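To start, the structure under review is shown below, and the notes come after it.
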Amino acid sequence: MKMKLLNIIFLISYVLLISLFLRPQCCFADYDYIKISDPFLNKIPVAVPVFKSLSEESAGKEILVRASDLVNESLAFTGYFKMIDREAFLEDLQVKGITGPAIKFDNWTDIGAELLITGGVTIKDEQLQIEFRLFDTFKSELLFGKRYKGRLDDQRKIVLRFCSEMVYRLTGKRGVFESMIAFVSTTPGNKEVFTCEFDGNDVKQATQTKSLTLFPAWSPDGSSIAYTSYKNDKPEIFIKHLHDKSEKRISFDGINITPVWVPGKKRMAATLSFEGDEEIYLLTESGKIDKRLTKNWGIDVSPTFSPDGNRMAFVSKRFGSPQIFIQNLDTGVVKRLTYEGKYNTQPAWSPAGVRIVYSGMEKGQINIFVINTDGRDLKQLTRDVGSNESPSWSPDGSLIVFSSTRTGKSRIFVMTASGTDQRALIKLSGEQTSPTWSPSFKEF
Amino acid sequence: MKKSNIYFKIGLVILMVGFLMTVSSCSKKKSRLDPMEQYPTETEISAAGEQGGDAAQSLSEEELEAQRFQEQEAVRIKEAARMKFVDEDVYFNFDDATLTSSARQVIKQKVAWLRENPGASVLIEGHCDERGTEEYNIALGQRRAQSIKTFLMNAGISTTRLSTVSYGEERPVDFGNNESAWAKNRRAHFKLQN
């Protein structure tokens, strides 16, 4: 974390607004390029020509292509944008230059591009500097420009920071570019927790339990992962700090599973069975019991909380089959949320607060559904492609990560919140399950 | 003299009894059988012992042979009972932790075994089939193990001898993707603990 923070501070300190076109920053918010309601059906066409070398000792063509490709891939990942094939381009900016006056915008609107991103790369004294410009091609104007400086191996970081800034300016929300995903993989021969970046890059093994390890959950600041492990031959909860590697244990008699943090409350919640019945408890962050939340004979499991921490959705078998319920933590009132189907589990409350995504089983096939917290607007997001489980929202609520057996073994997949653009995230040996998206590290 | 004669006779009897006890305790050491079952054998040896000679020796050898066979048989029966206790799983219906009548029959035999073996402690593992989701299945497996624990406690087995763990759908015995495999995986398994 420290290294990451230092790097980020390092980068931020070098960020300079390009003042070629003087535009006051407040105006950017006026653009309504991306309709948040359903932005994935009308993707914005974006053109990203290969970046131009600006230094006298010219940057290698590889770096230029790699940087511009990375912008393409990262923006395409969000589901908001349609990246235009470079084969279609009418104009060569390598020759003409990357600033506003050099660009003939008709050449870009003609191929359907609504946005144009140009980049210039300077390499000097083992330092990498990339300047980006985002143009509105129809208005022929610069929306914003930024210059980033870092070490030579910071290329990916720089590109992602630009993409993050661009999405923030177009949507008003931080995207997924500074987030991570934790998941379970059988790669080492047993189930362990792994982490990767938002797009599946940089896969790392986070636990070394050499036993059955399940259900990772991120702390609200992204510094810790809680998980369930059988390393002492029973399911106990461990909270692992990712950077100082310290670990806490929560262990009561019976099962200790599905740990999760409660937003804004300095509390955790988990399913425990030490009273002879599987119930959900509120715990202090050091693992002591604060209070029992569910009071019903019958399995209660898998808590997830509204962003304000005042309401909890969970799975209960109280009416015979597992269904999702919502409990108001102040009043204690419990309402049933799901009525369709006989097996609805794994709820996850959206960061925007109005939707709950969950998995439902019918005829042995598990699929992913979303429903409003008032029970309206039920929508099925996956169908006819193996079993699809464990949905988890990206921190901006625009994407959903889940596991799917559609290609045989269970793999991690990503789709937009509308269910479009479903694709595999990670190529890794073994089977991958239980993905869970981190908060955005940009916030810290 | 009379008194001393009586004392002499009493002494002889004590010696005799002592000798007999030594003989019988020797044969006891060799046998792990119930002393009640062994008792008639002891008298015969002692009767032969008074006559003296090889007949007694060969007789006792025959008896020991029989005893050894009985011992082995008893060990075999005991081991078979232990194996049955450990190998015979209790099965459940889908998404259900209640004990069916056939499950109760199996558990009643477990109760009998636990009564005969008061030193044994047991871990009851709850398992599920692969259908359904992992989190819920760990809760369901726990509930299955707990159902059996409650049944055993009600039958008078001390709670200190019983512990539970759930593996949910993580440890199937049959990796098949069909009802017969699922039925085998929806189970409680018994493990003896030291």
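Sequence order for the protein chains is S and F.
Heads up: the first sequence begins at -4 in our numbering, then just goes up one per residue.
Heads up: the second sequence begins at -2 in our numbering, then just goes up one per residue.
Note that beta-carbon positions come from the ideal geometry of N, C-alpha and C, so glycine has one too.
Nothing here was measured: the structure is a model prediction, and the numbers come from that model.
Under the criterion of beta carbons closer than 8 Å, LEU267 (chain S) and PHE247 (chain S) qualify as touching, at roughly 5 Å. Within the DSSP bridge table, the entry for VAL108 (chain F) names no partner.
Residue environment: ARG331 (chain S) is assigned as exposed (fewer than 16 neighbouring CB atoms within 10 Å of its CB, all protein chains considered).
Under the three-state reduction of DSSP, THR147 (chain F) is assigned to helix. Within the stretch 118 to 149 of chain F, ARG128, GLY129, THR130, GLU131, GLU132, TYR133, ILE135, ALA136, LEU137, GLN139, ARG140, GLN143 place their CB atoms closer than 7 Å to a CB of chain S, listed in sequence order.
About 6 Å separates the beta carbons of LEU65 (chain S) and ARG151 (chain S), which is inside the 8 Å limit, making them a contact pair. With a 10 Å radius around the Cβ and a threshold of 16 neighbouring Cβ atoms, ASP84 (chain F) comes out exposed. CYS158 (chain S) and LEU110 (chain S) have their alpha carbons spaced roughly 13 Å apart. For TRP432 (chain S), the uninterrupted beta strand (DSSP E) segment begins and ends at 427 to 432. Residue contact check for MET263 (chain S) against chain F: no CB pair falls below 8 Å.
With respect to chain S, the C-beta atom of GLU167 (chain F) has a partner C-beta closer than 8 Å. The beta carbon of ILE252 (chain S) sits closer than 8 Å to some beta carbon of chain F.
In its own chain, leaving out the 5 sequence neighbours on each side, no residue places its CB closer than 8 Å to the CB of LYS240 (chain S). Proximity of chain S to THR161 (chain F) at the Cβ level (cut-off 8 Å) is accounted for by GLY249, in chain order. As the crow flies, the alpha-carbon of PRO298 (chain S) is around 20 Å from that of LEU373 (chain S). Using a Cβ-Cβ cut-off of 8 Å, SER405 (chain S) does not count as an interface residue toward chain F, since no Cβ of chain F sits closer than that to its own. Going by C-alpha positions, ALA108 (chain S) is about 9 Å away from PHE100 (chain S). The alpha carbon of VAL119 (chain F) has as its nearest neighbour, out of F:THR130, F:THR156, F:ASP93, the alpha carbon of F:THR156.
By the beta-carbon neighbour count (other beta carbons within 10 angstroms, threshold 16), THR253 (chain S) is buried. Spatial neighbours of ILE294 (chain S) in its own chain (CB-CB distance under 6 Å, excluding positions within 5 residues in sequence) are listed in chain order as GLU273, LYS312. Interface annotation, ASP171 (chain F): not in contact with chain S, CB-CB separation never under 8 Å. Along the stretch 130 to 163 of chain S, there is no position whose C-beta sits under 9 Å from a C-beta of chain F.
Annotation: the continuous beta strand (DSSP E) that includes TYR143 (chain S) extends over 136 to 146. Only those residues of the stretch 343 to 377 of chain S whose C-beta falls short of 9 Å from the nearest C-beta of chain F are listed: SER354, MET356, GLY359, ILE361. Taking the beta carbon of GLU187 (chain S) as reference, no residue of chain F falls within 9 Å; the closest one sits roughly 13 Å away.
In terms of Cβ geometry, PHE193 (chain S) and PHE172 (chain S) form a close pair [threshold 8 Å].
In this structure, S:VAL43 is the residue among S:GLU335, S:VAL43, S:VAL198, S:VAL329 with its C-alpha nearest to the C-alpha of ILE112 (chain S). Listed by position along chain F, the residues whose Cβ is nearer than 7 Å to that of PRO317 (chain S) are TYR133.
Taking 8 Å as the Cβ-Cβ cut-off, the stretch 75 to 106 of chain F approaches chain S at ASP92, given in chain order. A Cβ-Cβ distance of about 24 Å is found for the pair PHE35 (chain S) and SER301 (chain S), leaving them out of contact under the 8 Å criterion. Contact between the stretch 96 to 103 of chain F and the stretch 163 to 173 of chain F is absent, with fewer than three C-beta pairs closer than 8 Å. Per DSSP, the unbroken beta strand (DSSP E) holding ASP131 (chain S) starts and ends at 122 to 131. Counting only the Cα atoms, ILE135 (chain F) lies some 18 Å from GLY359 (chain S). Contact between VAL162 (chain F) and ALA142 (chain F) is confirmed by a C-beta separation of about 7 Å, below the 8 Å threshold. The C-alpha of LYS243 (chain S) lies about 27 Å from the C-alpha of PRO346 (chain S). Beyond the five residues adjoining it in sequence on each side, THR289 (chain S) comes within less than 6 Å, by CB distance, of GLU274, ILE275, ASP295 in the same chain, given in chain order.
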